[in-house]
Every structure is written in structure tokens, then in C-alpha cells.
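Before any comments, here is the structure.
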Amino acid sequence: MNTPSGHPAWFITALASQVDRIHDLEQAGFESQADVGDNSWSQVLMKHSMQIPDGVHMPDGFHIRPLNGAGKVEAYVELHQAVFESRNMTIEWRQRTLESPEYISDIDLVAVAPNGQLAAFCVCWLAKDSKGEVSGQIEPLGVHADFRKLGLGRGILLEGLKRLSAKGAQHIYVQTDNYRDAAFKLYESTGFNVIHDILMYRKNYE
């Protein structure tokens with residue numbers, strides 16, 4: 026609430042196929058954001074084929090490494106804010122992710138430019154369900170505007186997929202905006218396919 030984009034609202038997601046969930050949300054006063062004009066918002070859930078291409082190619086002088094702990098949080102937050110043009114990500118928030126029991130440091134990846142600047146990031150997560158199956162999640166991924174169209178997004182994503190697979194992920198997912206934009210095309214080109222449409226529901230509180 027104390028950020029420039031703060032507002033008194035709750036957002037809840039629902040798969041387009043979850044008819045009962047959607048009914049309950051609408052009964053509780055939530056409204057779909059799929060068709061509200063310029064600010065319309067919907068997403069898709071994508072699942073990877075698990076056919077991960079061999080080799081990760083990076084531009085000359087760039088390399089991929091883990092974030093390497095708390096000392097790099099400030100640089101990560103600066104990059105994240107620039108990529109998404111939002112100040113919602115904070116140093117305190119990012120620091121808490123490093124302290125989460127689910128956090129695994131060597132799948133929290135950044136791409137580093139020849140001058141040492143952080144140029145891209147791909148944060149990966151692992152989870153085990155009640156059946157013991159291990160799934161991976163990409164959340165989030167981004168490339169600084171100064172370093173786009175160099176192949177960094179593809180390179181760091183493929184490295185994340187390789188590391189998730191090596192840690193036993195049987196399925197890998199990503200959730201992204203349903204704009205068919207550069208991010209969507211990147212995921213699709215690396216083996217992700219849409220499995221669910223996701224509706225965003227919002228309720229304002231005064």
C-alpha cells in the first residue's frame with residue numbers, strides 16, 4: 026500500500042475450467058479482469074515438454090551464475106525494477122525469498138555482463154506434491170532493456186531448465202501473461218505449451 030502502485034484490492038486466480046471456483050468468486054464480489062479495457066489482464070499456465078535442448082549459448086563475455094546470496098540482493102532488485110518498470114519488488118521482499126525454506130540458491134540465476142552488471146535473471150523453484158512427484162517452476166524471468174535481443178533470455182531459461190531437471194523435476198511450469206508477447210514466444214520456442222487459461226479476479230476495498 027505504501028508503494029506508488031499500491032491500491033486496496035485483492036487479486037485471485039482461477040483456471041477458466043474451474044466453474045465452481047469462478048461462481049464462488051463472483052458471489053463474493055470479485056470481477057474478472059479479462060475484458061476491462063486497456064487494463065485487461067489474463068494469463069496462461071504453460072508446461073514444458075521436458076525435451077531440453079543441449080548446450081547453453083551466451084553472447085561473448087556474458088556468463089550465468091547463481092545470485093550468490095544477500096550481498097547481491099540490492100543489484101537484483103534494481104534489475105527487477107528496471108525490467109518490469111515497477112517498484113513493487115523491494116530489497117526486504119527479495120531478502121525474505123532467500124530465507125524461505127523452499128529457496129535453493131543454485132537455481133536462483135543471474136546473467137552477468139562483461140562489465141559485471143546484472144543483465145538478466147531466472148529464478149527457479151522446486152516443489153513435491155502429495156504423490157511424491159517433483160515439479161519445477163520458473164518465476165520470475167527478465168532481461169534488462171539494454172541487453173535484449175542478444176539471446177540472454179533463452180540462454181538463462183535453458184540453464185534454469187537444465188538445473189531443474191538435474192534436481193529431479195518431472196514437470197516444469199511457467200505462468201505468464203496471455204499477450205502472446207516476447208516472453209510468451211520465448212517460452213514457446215524453448216518447449217513450453219499452454220495447458221490452461223488463467224483468469225484474474227479482482228475485488229476492490231475502500
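All the letters of the sequence shown, read from the start, carry residue numbers 26 to 231 under my numbering.
Backbone N, C-alpha and C fix where the C-beta goes; we use that ideal spot for every residue, glycine too.
The model shown is predicted, which means the values in this text are computed figures rather than measured ones.
Three or more beta-carbon pairs under 8 Å between the stretch 185-203 and the stretch 158-169, yes or no? In this structure the stretch 185-203 touches the stretch 158-169; the number of beta carbon pairs closer than 8 Å is three or more.
Please give the ranges of any beta strand (DSSP E) in the stretch 136-181, keeping only runs that are unbroken, at least 3 residues long and fully inside the region. Runs of the beta strand (DSSP E) spanning 3 or more residues and lying entirely within the stretch 136-181 occur at 143-153 and 159-168, in chain order.
Closer than 6 Å by C-beta to Asn229: which residues in its own chain qualify, once you throw out the five before and the five after it? Chain order, please. Spatial neighbours of Asn229 in its own chain (CB-CB distance under 6 Å, excluding positions within 5 residues in sequence) are listed in chain order as Ala34.
Looking at C-beta atoms only, is the number of pairs between the stretch 58-68 and the stretch 209-226 that lie closer than 8 Å three or more? Verdict: yes, contact present.
Arg227 bridges to which residues according to DSSP? The partner list for Arg227 (beta bridge, DSSP) reads Phe36 and Glu56.
Restricting to Cα atoms, I'd like to know which of Val137, Gly193, Leu183 and Leu182 is closest to Asp171. Relative to the Cα of Asp171, the nearest Cα in the group Val137, Gly193, Leu183 and Leu182 belongs to Val137.
Does the Cβ-Cβ distance between Thr69 and Val168 come in under 8 Å? The sequence shown places Val at residue 69, not Thr. No Cβ-Cβ contact shorter than 8 Å links Val69 with Val168.
So what's Val44 in DSSP terms, helix, strand or just coil? In the structure shown, Val44 sits in a helix (DSSP, three-state: H, G or I).
Helix, strand or coil: which one does DSSP assign to Ser111? Ser111 falls in the coil class under three-state DSSP.
Check whether the stretch 148-159 and the stretch 186-193 touch, using three or more Cβ-Cβ pairs below 8 Å as the test. Contact between the stretch 148-159 and the stretch 186-193 is present, because at least three Cβ pairs lie under 8 Å.
Coil, strand or helix - Arg87 by DSSP: It should be noted that the sequence gives Phe, not Arg, for residue 87. Annotated three-state conformation of Phe87 is coil, per DSSP.
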